[in-house]
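Colleague: Could you have a look at this structure, given as structure tokens, before my questions?
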Amino acid sequence: METSVWQVSPDSMDQAVIDAAAAMIRRGGLVAFPTETVYGLGADVFQPKAVASIFAAKGRPADNPLIAHIAAPEQVYDLAREVPDTAKCLMEHFWGGPLTMILPKKHTIPDEVTAGLDTVGIRMPSHSVANALIRAAGTPIAAPSANRSGSPSPTTAEHCIADLLGRVDAILDGGTAMIGVESTVVDLSVPVPTILRPGAISAEDMADVLGCPVRVGGLEAHAPKCPGMKYTHYSPSATVICFENAALVQPFVQAHQDEVVCVMALSDAASSVSAPLVYDAGRDSTDYAARLFYLLRKADEDGASIVLAQLPSAQGIGLAVRNRLQKSSGGNMLESRE
Ligand code: TXA
Ligand code: MG
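Using the numbering used here, the letters of the sequence shown map in sequence onto residues 6 to 343.
What follows is the structure, given as structure tokens:
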């Protein structure tokens with residue numbers, strides 16, 4: 006399959022490009038597009054064959070449901086059969102933005118989208134290109150992250166090209182995704198709102214506007230409710246080992262001089278380390294989130310055999326960075342031997 010790669014600037018959008026991409030979606034094609042979190046790989050929610058081809062292009066297990074992306078809050082009623090007050094409140098405060106809500110689904114949504122579940126994940130992005138594409142397509146767009154299954158999610162069009170060229174109809178290049186980690190997934194089909202995947206919007210952010218507690222679930226390796234979380238994720242070819250105690254890093258590097266060790270850490274820790282590769286992840290967790298997947302891919306390009314990755318504090322988006330790193334490392338931690 007020939008893949009068209011089209012530039013589209015988020016500030017001065019080329020409507021002809023958007024219309025051409027939207028026409029592909031309507032014809033049952035696959036289009037990778039930028040969002041504020043990561044790039045998505047989209048198809049028309051209501052075309053089962055098109056949705057099935059997303060799984061083939063990514064090599065994604067069929068039991069992992071997709072998120073339906075909308076461009077206006079009212080479209081939630083085309084997809085969900087119940088919209089509780091909690092959902093209305095969260096929509097008002099956090100859409101468009103990096104929040105996916107799990108709601109009871111309408112029977113009109115094909116099983117291919119939801120992997121046969123009775124619920125559907127719905128998100129309205131804030132990215133101008135994503136929203137223009139959804140509007141022009143005239144249908145909600147089912148989209149997982151636009152990476153080959155198991156790889157780090159794509160934050161640039163180059164990442165999508167590396168993973169999906171020849172496997173999809175078009176890739177819209179709208180620059181770097183700003184947030185860098187995928188949306189928060191919150192389950193509203195249960196009595197207590199429960200986070201299944203942490204993202205930029207935290208439990209505290211939601212509890213503040215809801216005036217009720219929000220549970221944080223889904224951090225276990227085998228969380229049953231968020232099917233996607235049980236698979237290997239975000240894995241570069243290099244072995245990833247996480248650390249919290251920066252004092253353990255230099256001795257590890259010393260003891261592994263025959264390896265290409267890459268240290269990925271916040272500026273403070275990065276500036277005091279000497280290793281074959283040192284990646285500065287920025288000043289705080291927000292910087293770290295924006296660079297995380299880019300740096301994991303870069304480690305492979307630079308020939309790293311081991312990545313030592315610092316876990317940031319669990320506050321705010323830091324919890325999402327920790328969660329992705331823990332998945333990427335399979336729970337591998339650098340610990341002192343005593
Ligand atoms: O930021 C994002 O969410 C990006 C952009 C493209 O919007 N999308 C994304 O999609 O990360 P994906 O497919 O890579 O991750 C969706 C996650 C998976 O872990 C999936 O299992 C979960 O959401 N999910 C989707 N529908 C669900 C449902 N009905 N119940 C429970 N979990 C669901
Ligand atoms: Mg994904």
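Backbone N, C-alpha and C fix where the C-beta goes; we use that ideal spot for every residue, glycine too. For clarity, every value in this text was computed on a predicted model and none was experimentally measured.
#1: Below 8 Å, can you find three or more Cβ-Cβ pairs linking the region 303-317 to the region 206-215?
#2: Is DSSP giving Ala-109 helix, strand or coil here?
#3: How far does the beta strand (DSSP E) with Gly-47 in it reach, from first residue to last?
#4: At the level of alpha carbons, what is the spacing between Asp-16 and Ala-252?
#5: Under 7 Å, do Tyr-135 and Leu-108 count as touching if we go by C-beta distance?
#6: Report the residue ranges of all beta strand (DSSP E) runs contained in full by the region 243-274; include only those spanning at least 3 residues, in chain order.
#7: So, helix, strand or coil for Ser-131, using DSSP?
#8: Of all the options Val-283, Ala-148 and Leu-316, which has the alpha carbon lying nearest to the alpha carbon of Ile-72?
#9: To the nearest angstrom, how far is the alpha carbon of Ala-226 from that of Lys-332?
#10: Could you check where the alpha helix (DSSP H) with Val-36 kicks off and where it finishes?
#11: Would DSSP call Asp-68 helix, strand or coil?
#12: From Gln-203 to Leu-297, what does the alpha carbon distance come to, in whole angstroms?
#13: Mapping DSSP to helix, strand and coil, what is Leu-177?
#14: Is the region 88-98 close to the region 53-67, with three or more CB pairs under 8 Å?
#15: Going along the chain, which residues of its own chain have a beta-carbon closer than 7 Å to the beta-carbon of Val-254, five neighbours each way excluded?
#16: Just how far apart, CA to CA, sit Ile-139 and Ala-48?
#17: Would you kindly report the start and end of the unbroken alpha helix (DSSP H) that includes Thr-291?
#18: Grab me the residues of Glu-343's own chain with a C-beta within less than 7 Å of its C-beta, minus the 5 sequence neighbours each way, in chain order.
#19: Any idea if Pro-396 is buried or exposed, counting beta-carbon neighbours within 10 angstroms, 16 or more meaning buried?
#20: Any chance the CB of Val-4 is under 6 Å from a heavy atom of the ligand TXA?
#21: Find out if the Cβ-Cβ distance for the pair Asp-168, Gln-12 is shorter than 7 Å.
#22: Would you mind working out which of Asp-192, Ala-295, Val-221 and Thr-244 sits nearest Val-266, comparing C-alpha positions?
#23: Give a single yes or no on whether Pro-149 has its beta carbon closer than 6 Å to a heavy atom of the ligand MG.
#24: Reducing DSSP to helix, strand and coil, say where Ile-139 ends up.
#25: Short of 7 Å in beta carbon distance, which residues of its chain neighbour Leu-122, apart from the five on each side in sequence? Order them along the chain.
#26: Using a 10 Å radius around the Cβ and a threshold of 16 neighbouring Cβ atoms, would you call Gln-315 buried or exposed?
#27: Count the other CB atoms within 10 Å of the CB of Asp-273; is the residue buried (16 or more) or exposed (fewer)?
Modeller: Once the coordinates are examined:
#1: No: fewer than three Cβ pairs fall under 8 Å.
#2: Checking the sequence, you will find Pro at residue 109 rather than Ala. Looking at Pro-109 - three-state DSSP - the assignment turns out to be strand.
#3: Bounds of the beta strand (DSSP E) holding Gly-47 are 45-49.
#4: C-alpha separation (whole angstroms): 44 Å.
#5: The question names Tyr, yet the displayed sequence has Ala at residue 135. With respect to Leu-108, Ala-135 sits apart: the two C-beta atoms are not nearer than 7 Å.
#6: For the region 243-274, whole beta strand (DSSP E) runs of length 3 or above, ordered along the chain, are 244-248 and 266-270.
#7: Coil, per DSSP.
#8: Checking every option, the nearest Cα to that of Ile-72 belongs to Ala-148.
#9: Residue placement at Ala-226 is poorly supported in this model, since its pLDDT is 47, which falls under 50; the coordinates still yield a value, given next. Computed Cα separation, rounded: 8 Å.
#10: Note, Val-36: premise wrong, no alpha helix (DSSP H); beta strand (DSSP E) at 36-38.
#11: If DSSP states are grouped into helix, strand and coil, Asp-68 belongs with coil.
#12: One detail in the question is off: residue 203 reads as Pro in this sequence, not Gln. Computed Cα separation, rounded: 15 Å.
#13: It is a strand residue.
#14: No, the region 88-98 is not in contact with the region 53-67.
#15: When the five nearest sequence neighbours on each side are left out, the beta carbons in the same chain lying within less than 7 Å of the beta carbon of Val-254 are those of Phe-248, Val-268, Val-278 and Leu-313, in order along the chain.
#16: In a straight line, the C-alpha of Ile-139 is about 10 Å away from that of Ala-48.
#17: Note, Thr-291: alpha helix (DSSP H), 290-306.
#18: Note on Glu-343: pLDDT 49, under 50, position unreliable in the model; no value is reported.
#19: Nothing about residue 396 can be reported from this structure: the residues present for the chain run from 6 to 343 only.
#20: Past the edges of the chain, shown from 6 to 343, lies residue 4, and the structure says nothing about it.
#21: Going by beta carbons, Asp-168 and Gln-12 fall outside the 7 Å limit.
#22: Of the listed residues, the one whose Cα sits closest to Val-266 is Thr-244.
#23: At least one heavy atom of the ligand MG is nearer than 6 Å to the Cβ of Pro-149, so yes.
#24: The answer is helix: DSSP assigns Ile-139 an H, G or I state.
#25: Only Pro-70 meet the Cβ criterion.
#26: Buried, since its Cβ has 16 or more Cβ neighbours within 10 Å.
#27: By the 10 Å Cβ count, Asp-273 comes out exposed.
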